[in-house]
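These notes concern the structure reproduced below.
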Amino acid sequence: MLETASNKADQVINEIADIAVVEFLPIVGPARGKVLSAETKKANPKRILEIGTFIGYSTILMAREIGKKSQIITIEEHETEAEVAKNNISQTELDVNVQVINGDAVEVIPTLKGTFDFVFLDAAKEEYYHYLQLMENKLVKGAILVADNAGKFATEMKDYLDYVRTSGKYQSRYIGISDDGIEISLKL
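When we follow our numbering, the leftmost residue of the sequence shown carries the number 370, and every step to the right adds one.
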């Protein structure tokens, strides 16, 4: 059964990636997605917060790497994309608790209960620092933050990048991938 769900998840991931190439959709993609998958697997998180679901590609990548008792809460501002994401995630047949919330992350984050040990940021780049301010008290010590597009959009993310690199609250590193990259930060 697990093998079937894993194969189905791979199939959905590949279909989304193929469509993204043709339609120029802004998904994390295979190269940065491989890093996201590896970081998720290494962290073995119990509760993930994703900001910027889009159509569910990165959600599925993370869901493949976590256990049944783990949870992903993912926020997507646009209703159409949130519905497509729900459909794509359900097609994977993965036995993982994924909650897709349609709304503005700035409004949703303060309403979330509990803590998170893994965060994936892939929404409005200029809002990353604001998102972090809203969720920082919900992050456990040792939480991992993965911020996409830290290469191409480093200027738009400057306040976020400066904070995770110099505040003393995080140990942060940049991984360059092709013409872009990911910032991975560990909450100290």
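From the three backbone atoms N, C-alpha and C, an ideal C-beta is built for every residue, glycine too.
Around the beta carbon of Lys482, a 10 Å sphere encloses fewer than 16 other beta carbons of the protein chains shown; the residue is thus reported as exposed. For Val465, there is no enclosing alpha helix (DSSP H), as DSSP marks it with neither H nor E. Nearest in C-alpha terms to Ser554, of all of Ile435, Asp548, Lys521 and Tyr497, is Tyr497. With fewer than 16 other Cβ atoms inside 10 Å of its own Cβ, Leu557 counts as exposed.
Annotation: Asp464 to Lys437 spans about 6 Å, alpha carbon to alpha carbon. Taking C-beta atoms under 8 Å as the contact rule, Val515 and Phe489 qualify, at a distance of about 5 Å. The straight-line gap separating the alpha-carbon atoms of Pro414 and Ala512 is approximately 9 Å. For Ile435, there is no enclosing beta strand (DSSP E), as DSSP gives it neither H nor E.
The C-alpha of Ala454 lies about 4 Å from the C-alpha of Gly425.
Between Ala412 and the set Glu445, Phe487 and Asn376, the nearest pair of CA atoms involves Phe487. When secondary structure is reduced to three states using DSSP, Ala519 falls in the coil class, being assigned neither helix nor strand. For Ile546, same chain residues with a beta-carbon under 6 Å away, outside a window of 5 residues either side, are Ala400 and Arg401 in chain order. For Asp549, the enclosing beta strand (DSSP E) has its first and last residue at Asp549 to Lys556.
C-alpha of Val509 to C-alpha of Arg416: approximately 10 Å in a straight line. Assigned with DSSP and collapsed to three states, Leu514 falls in strand. For Val488, the beta-bridge partners assigned by DSSP are Leu418 and Leu514.
Non-local C-beta neighbours of Thr428 in its own chain, meaning closer than 7 Å and more than five positions away in sequence, comprise Glu419, Thr422, Ile441, Thr443, Ala454, Ile458 and Val467, ordered along the chain. For Gly402, the three-state secondary structure derived from DSSP is helix.
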